[in-house]
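For reference, the structure is listed below as C-alpha coordinates.
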Amino acid sequence: MKVEYDEDTCIGMFQCVAEWDAFTEDKNRGKAVLEDAEEVEDGVFVREVPEDAELDAKFAARTCPVDAITVYDDDGEQLIP
98 MKVEYDEDTC IGMFQCVAEW DAFTEDKNRG KAVLEDAEEV EDGVFVREVP
148 EDAELDAKFA ARTCPVDAIT VYDDDGEQLI P
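What follows is the structure in C-alpha coordinates.
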(Lines of atoms letter the chains of each structure in order from A; the text may use other names.)
(Lines give C-alpha, C1' and ligand atoms only; values in the text may rest on other atoms or scores of the structure.)
Protein backbone atom coordinates (compact mmCIF):
# COMPACT_ATOMS: atom_id res chain seq x y z
CA MET A 98 0.00 0.00 0.00
CA LYS A 99 1.15 3.54 -0.69
CA VAL A 100 -0.06 6.99 0.21
CA GLU A 101 0.09 10.10 -1.92
CA TYR A 102 -0.07 13.54 -0.33
CA ASP A 103 -0.74 16.75 -2.24
CA GLU A 104 0.83 19.46 -0.11
CA ASP A 105 -0.63 22.27 -2.24
CA THR A 106 -4.16 21.04 -1.52
CA CYS A 107 -3.54 20.84 2.24
CA ILE A 108 -5.23 23.61 4.25
CA GLY A 109 -3.48 22.85 7.54
CA MET A 110 -6.28 21.37 9.62
CA PHE A 111 -3.78 18.71 10.81
CA GLN A 112 -6.43 16.02 11.28
CA CYS A 113 -4.08 13.59 9.52
CA VAL A 114 -1.46 14.26 12.22
CA ALA A 115 -3.88 12.99 14.86
CA GLU A 116 -4.53 9.81 12.88
CA TRP A 117 -1.08 8.73 11.68
CA ASP A 118 2.32 9.61 13.09
CA ALA A 119 3.83 9.71 9.58
CA PHE A 120 2.25 13.16 9.30
CA THR A 121 3.69 16.06 11.29
CA GLU A 122 2.75 19.72 11.59
CA ASP A 123 4.66 22.52 9.91
CA LYS A 124 2.95 25.42 11.67
CA ASN A 125 5.21 27.98 10.00
CA ARG A 126 3.87 27.00 6.59
CA GLY A 127 0.43 25.92 7.75
CA LYS A 128 0.79 22.51 6.10
CA ALA A 129 1.17 18.92 7.18
CA VAL A 130 4.39 17.08 6.27
CA LEU A 131 4.47 13.44 5.20
CA GLU A 132 7.66 12.08 6.74
CA ASP A 133 9.97 9.78 4.73
CA ALA A 134 8.15 10.60 1.49
CA GLU A 135 9.57 11.19 -1.96
CA GLU A 136 8.46 14.21 -3.94
CA VAL A 137 7.28 12.72 -7.24
CA GLU A 138 6.13 15.99 -8.76
CA ASP A 139 5.92 19.56 -7.53
CA GLY A 140 4.17 19.44 -4.14
CA VAL A 141 3.11 15.78 -4.42
CA PHE A 142 4.72 13.30 -2.06
CA VAL A 143 4.49 9.49 -2.03
CA ARG A 144 5.59 6.85 0.44
CA GLU A 145 5.01 3.21 1.14
CA VAL A 146 2.78 2.41 4.09
CA PRO A 147 4.12 -0.20 6.53
CA GLU A 148 1.73 -3.09 6.99
CA ASP A 149 1.18 -2.23 10.65
CA ALA A 150 0.21 1.36 9.73
CA GLU A 151 -2.30 0.67 6.96
CA LEU A 152 -5.34 1.40 9.11
CA ASP A 153 -3.80 4.65 10.38
CA ALA A 154 -3.02 5.76 6.82
CA LYS A 155 -6.61 5.07 5.77
CA PHE A 156 -7.96 7.06 8.72
CA ALA A 157 -5.62 9.96 7.90
CA ALA A 158 -6.92 10.03 4.34
CA ARG A 159 -10.55 9.79 5.42
CA THR A 160 -10.24 12.66 7.90
CA CYS A 161 -8.66 15.09 5.44
CA PRO A 162 -11.36 17.70 4.73
CA VAL A 163 -9.93 18.56 1.29
CA ASP A 164 -8.89 15.06 0.08
CA ALA A 165 -5.20 15.94 -0.04
CA ILE A 166 -4.34 12.32 0.87
CA THR A 167 -4.93 9.39 -1.47
CA VAL A 168 -4.39 5.75 -0.54
CA TYR A 169 -3.58 3.09 -3.15
CA ASP A 170 -3.43 -0.68 -2.71
CA ASP A 171 -0.46 -2.77 -3.81
CA ASP A 172 -1.94 -3.10 -7.32
CA GLY A 173 -2.17 0.67 -7.70
CA GLU A 174 -5.93 0.80 -7.32
CA GLN A 175 -7.19 3.92 -5.52
CA LEU A 176 -8.87 3.05 -2.22
CA ILE A 177 -9.44 6.46 -0.58
CA PRO A 178 -10.95 8.88 -1.45
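In the numbering used here, the protein residues as written are 98 to 178.
Ideal Cβ placement from N, Cα and C applies to all residues, glycine included.
Cβ-Cβ distance between residue i and residue j below 8 Å
i: K155; j: V168; result: yes
i: D123; j: V130; result: yes
i: K99; j: R144; result: yes
i: E132; j: T121; result: yes
Close-in-space but distant-in-sequence residues of the same chain around residue i (CB under 6 Å, 5 per side omitted)
i: D164; result: P178
i: P162; result: M110
i: I108; result: V163
Sequence-distant residues of the same chain with beta carbon closer than 7 Å to residue i, five excluded per side
i: D105; result: G140
Taking contact to mean at least 3 C-beta pairs separated by less than 8 Å, is the stretch 169-178 in contact with the stretch 107-125?
-> Fewer than three beta-carbon pairs drawn from the stretch 169-178 and the stretch 107-125 are found closer than 8 Å, and the two stretches are therefore not classed as touching.
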